[in-house]
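> Note that the working numbering has the sequence shown beginning at 551, numbered continuously upward. Here a beta-carbon is modelled for each residue, glycine too, at the ideal position from N, C-alpha and C. Just so you know, these numbers come straight off a predicted model, no measurement behind them. Pasting a structure here, questions to come.
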Amino acid sequence: WGFGMFIAVFVMIYGVQRELKYGMKHASRITQRFQKRAVTALVLQVFYPLGIVPSIFYLIPLIVFATIVAYTKSMDPVEAASNKIASTISSLAVATVSFHTFGHSMTVLVCSPTYRRTITDLICVCFGK
Numbered sequence: 551w552g553f554g555m556f557i558a559v560f561v562m563i564y565g566v567q568r569e570l571k572y573g574m575k576h577a578s579r580i581t582q583r584f585q586k587r588a589v590t591a592l593v594l595q596v597f598y599p600l601g602i603v604p605s606i607f608y609l610i611p612l613i614v615f616a617t618i619v620a621y622t623k624s625m626d627p628v629e630a631a632s633n634k635i636a637s638t639i640s641s642l643a644v645a646t647v648s649f650h651t652f653g654h655s656m657t658v659l660v661c662s663p664t665y666r667r668t669i670t671d672l673i674c675v676c677f678g679k
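Structure (C-alpha cells):
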C-alpha cells in the first residue's frame, strides 16, 4: 500500500501541473507565477533529497513489511500468526506512517525562504543571539 500511496502522490502532482499549465488562464500573472513556484517546490521535494524526509515515512514501513513477509514465509501459518515480534514491529511500522504529515510540514517550512528566515529569527530571539 505504501507504493500505491507513492504513485498517488505522483499522479496528483501531474494533475496539479497540468491544471497550472492549461487551466489557470483566468488567474492573474502574479497568481500564476506563485502557483508555478509552489508546484515546482513540491516537485523538488518529491524528486530530490528533500523529498526523502516526507517519503521516508512510507518507505521504512514498506521495507519493514517486506522483511516481515520474507521472515514469516518460511514459518508455519499458525506460528507466523502468533509471532509477537513480527506483530509488534508491524504495528510500529503502521504508526510510523502517521508521522508523514509532520515530516512533510517540516520539509515545507525548511524549504521556504520566508519560513526559514522567520524560524531563524525566532531561534535567535529565544536564545538571545
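(1) Buried or exposed: where does G565 fall if 16 or more other Cβ atoms within 10 Å of its Cβ makes it buried?
(2) When you compare only the Cα positions, how much space is there between F649 and I610?
(3) Quick one: is T558 buried, meaning 16 or more other Cβ sit within 10 Å of its Cβ, or exposed?
(4) Quick test of the definition: if touching needs 3 or more C-beta pairs under 8 Å, does the segment 640 to 648 touch the segment 611 to 623?
(5) What did DSSP end up calling S516 once you bin it into helix, strand or coil?
(6) Check K575 in the structure and name its three-state DSSP category.
Concretely, from the data shown:
(1) exposed
(2) 12 Å
(3) Per the sequence shown, residue 558 should be read as Ala rather than Thr. The residue is exposed, with fewer than 16 neighbouring Cβ atoms inside 10 Å.
(4) yes
(5) Because the chain is modelled from 551 through 679, residue 516 falls outside the range shown and cannot be assessed.
(6) coil
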